[in-house]
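J.:
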Amino acid sequence: MMGEGKIFVGLVDGAIKVNCRIAFDEPVTEFRFSLSTLLNIDDLSEKCEVVKTWVVRSGFHEAREYLVKPKNGAFKELVIDYSGTVSGWHNVLSESRIGLYGYSVWYPLECSIKLRKIESTFNDTVNYDVWYFGSSGIFALKKGYGTVSSACGNFNVHYVNPGQKAFAKVCAHHYGKIIDFYQSMFCGKDIGITDVLFMDIEGGSGAIIQDGLMVVGQIPDMKDADEMQEMAINMLGHEFGHYWFKADHSTWEAWLGETAAEWASILYMVSVSGEDSINSRLDQIQEWTGDYVKAPVIKTPDLLCPPSGVHVRGVMLFYEIYKRHGLDKIKHILTILANLEIYNTESLLLELDEGVSDFIRRGLDAVDYMLL
Ligand SMILES: [Zn+2]
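Mind the numbering: the sequence shown is residues 2 to 373 in the numbering used here, read in order.
Rendered as structure tokens:
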């Protein structure tokens with residue numbers, strides 16, 4: 002038993018106003034879903050009523066669950082109107098830019114009947130250009146924003162804040178070089194066109210990438226060209242690394258993709274700035290993400306959520322391999338990983354020499370890699 006959802010989103014006075022229509026394959030007698038606690042239901046299909054609500058943690062946000070039942074018999078379609086704001090992560094609702102990130106529970110999640118598809122539409126295409134992040138994220142910029150493109154035309158950075166144009170240019174410059182570098186080092190790949198949105202969200206650190214759309218939260222103030230180059234390489238190197246190294250964040254195996262994407266970016270950085278830059282980059286990563294020794298080990302038993310240490314632990318484990326075996330060993334591991342038929346830790350370890358595979362295997366549960 003499944004259903005499909007269609008969502009129409011508008012912006013009114015800095016809040017979203019959503020009309021959500023869910024069609025079930027067969028009539029149902031109840032439906033349960035969750036929405037962010039920042040959103041309120043304004044209206045519901047005439048034939049239905051909310052009989053119970055309670056607050057739960059859902060993904061990264063606090064959500065309220067709703068249990069909807071028909072007033073009589075069963076229902077095959079449910080229309081929910083809701084409104085409110087969402088905040089945090091890559092969410093922003095301002096006049097110049099709109100960011101609705103999928104996991105922020107701004108649309109019905111944790112549904113008791115699986116929705117095979119949710120189609121989202123942002124209504125105001127007169128004033129805004131709109132990009133969709135998978136099926137669940139909506140990003141829109143008010144027309145009149147600036148764009149910088151790479152020489153090949155496959156990479157377009159869109160920015161609202163004119164102060165970010167210089168950085169957009171640095172990104173466009175490195176894009177083609179990074180792609181060429183990865184193509185020749187790992188394996189050929191059809192990359193297609195990528196749109197990058199500088200969302201300029203205060204406190205919204207980091208970038209996300211999927212299907213030709215990269216969304217960047219807050220970009221720090223940078224004082225000179227060197228700093229911009231470093232930032233562009235760190236950000237693009239990692240995010241485009243994910244085209245070769247996927248990270249499924251529903252399991253601890255995410256460490257593979259995050260580690261490899263980060264080290265791919267380090268390899269490119271070395272080709273630009275030399276091998277001396279590795280130590281300072283690793284110091285920086287430790288500074289941003291915290292002491293890895295305090296983070297959960299890579300192989301967490303909980304398969305439902307990503308280990309919080311995933312972004313720093315694997316990177317530090319590979320740093321130990323680099324210190325012991327040199328940079329060629331890292332290139333070797335990444336090239337094997339990029340070409341694996343079955344992409345998981347076990348398949349990778351089977352392809353590596355015993356010393357390195359044993360070291361990684363022990364590292365999956367270890368607290369401090371320097372002791373291995
Ligand atoms: Zn990543």
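Think of the CB as a built atom: it goes at the ideal place given N, C-alpha and C, for glycine as much as any other residue.
#1: List the residues that DSSP assigns as beta-bridge partners of Tyr-323.
#2: Rounded to the nearest angstrom, what separates Phe-182 and Met-3 at their Cα positions?
#3: Tell me which residues pass a beta-carbon proximity test against ligand 1: closer than 6 Å to any heavy atom, given in chain order.
#4: For the beta strand (DSSP E) that contains Val-69, what are its first and last residues?
#5: Ala-167 lies in the alpha helix (DSSP H); which residues open and close that run?
#6: Considering only residues of the same chain and omitting the five flanking positions on each side of Arg-282, which have a CB-CB separation below 7 Å?
#7: What residues in its chain sit with their C-beta under 8 Å from that of Tyr-67, if we drop five residues either side in the sequence?
#8: Find the nearest neighbour of Phe-199 within the set Lys-166, Gln-230 and Gly-291, judged by alpha-carbon distance.
#9: Given a cut-off of 8 Å on the beta-carbon distance, is the pair Ala-152 and Leu-94 in contact?
#10: Where Phe-140 and Gly-310 are concerned, what is the direct C-alpha to C-alpha distance, given to the nearest angstrom?
#11: Is the separation between the beta-carbon of Tyr-176 and that of Leu-237 shorter than 8 Å?
#12: Ala-64: which of Asp-366, Val-87 and Asp-191 sits nearest, CA to CA?
#13: In this structure, how does DSSP classify Ser-266 when only helix, strand and coil are distinguished?
#14: Thinking C-alpha only, which one of Tyr-108, Ile-180, Leu-350 and Trp-245 is nearest Thr-38?
#15: Using beta-carbon positions only, say whether Pro-71 and Cys-49 come within less than 8 Å of one another.
#16: Taking DSSP as the reference, what is the three-state secondary structure of Phe-246?
#17: I'd like the span of the alpha helix (DSSP H) that includes Val-19, first residue to last.
#18: Taking only three categories from DSSP, how would you classify His-91?
T.: Considering the structure as presented:
#1: Along the sequence shown, read from residue 1 onward, the residue named residue 323 stands at position 322. DSSP lists no bridge partner for Tyr-323.
#2: In the sequence shown, residue 182 corresponds to position 181, counting from 1. In the sequence shown, residue 3 corresponds to position 2, counting from 1. Distance between the alpha carbons of Phe-182 and Met-3: 44 Å.
#3: Residues with a Cβ closer than 6 Å to any heavy atom of ligand 1, in chain order: His-239, His-243, Ala-248, Glu-259 and Ala-262.
#4: Within the sequence shown, the letter at position 68 stands for residue 69. Boundaries of the beta strand (DSSP E) around Val-69: 62-71.
#5: For the purposes of this step, residue 167 is identified with residue 166 of the sequence shown, where counting begins at 1. Run containing Ala-167: 166-186, per the alpha helix (DSSP H) assignment.
#6: For the purposes of this step, residue 282 is taken as the residue at position 281 of the sequence shown. Cβ contact annotation for Arg-282 (same chain, cutoff 7 Å, sequence separation greater than five): Ile-267 and Met-270, in chain order.
#7: Taking the sequence shown and counting its residues from 1, the one referred to as residue 67 is at position 66. For Tyr-67, where only same-chain residues beyond five positions count, the Cβ hits under 8 Å are Arg-33, Phe-34, Ser-35, Leu-36, Ile-42, Val-51, Lys-53 and Thr-54.
#8: Here residue 199 is taken as the residue at index 198 of the sequence shown, counted from 1. The residue from Lys-166, Gln-230 and Gly-291 with its alpha-carbon nearest to that of Phe-199 is Lys-166.
#9: Looking up residue 152 in the sequence shown gives position 151. Looking up residue 94 in the sequence shown gives position 93. Cβ distance not < 8 Å, so Ala-152 and Leu-94 don't count as in contact.
#10: Taking the first residue of the sequence shown as position 1, residue 140 is located at position 139. Taking the first residue of the sequence shown as position 1, residue 310 is located at position 309. Distance between the alpha carbons of Phe-140 and Gly-310 is about 28 Å.
#11: By one-based count along the sequence shown, residue 176 stands at place 175. By one-based count along the sequence shown, residue 237 stands at place 236. If you check the CB distance, Tyr-176 and Leu-237 come in under 8 Å.
#12: Taking the sequence shown and counting its residues from 1, the one referred to as residue 64 is at position 63. Closest in alpha carbon position to Ala-64, among Asp-366, Val-87 and Asp-191, is Val-87.
#13: Locating residue 266 in the sequence shown gives position 265, counting from the first residue. In the structure shown, Ser-266 sits in a helix (DSSP, three-state: H, G or I).
#14: Working through the sequence shown from its first residue, we reach residue 38 at position 37. Per the C-alpha coordinates, the member of Tyr-108, Ile-180, Leu-350 and Trp-245 positioned closest to Thr-38 is Tyr-108.
#15: In the sequence shown, the residue the question calls residue 71 occupies position 70. In the sequence shown, the residue the question calls residue 49 occupies position 48. Cβ distance < 8 Å, so Pro-71 and Cys-49 count as in contact.
#16: Reading the sequence shown from its first residue, position 245 is the one you call residue 246. Phe-246: coil per DSSP, three-state reduction.
#17: Position 18 of the sequence shown, counted from the start, is the residue given in the question as residue 19. Segment 16-29 is the beta strand (DSSP E) holding Val-19; no alpha helix (DSSP H) there.
#18: Here residue 91 refers to the residue found at position 90 of the sequence shown. Assignment of His-91 by DSSP, reduced to helix, strand and coil, places it in the coil class.
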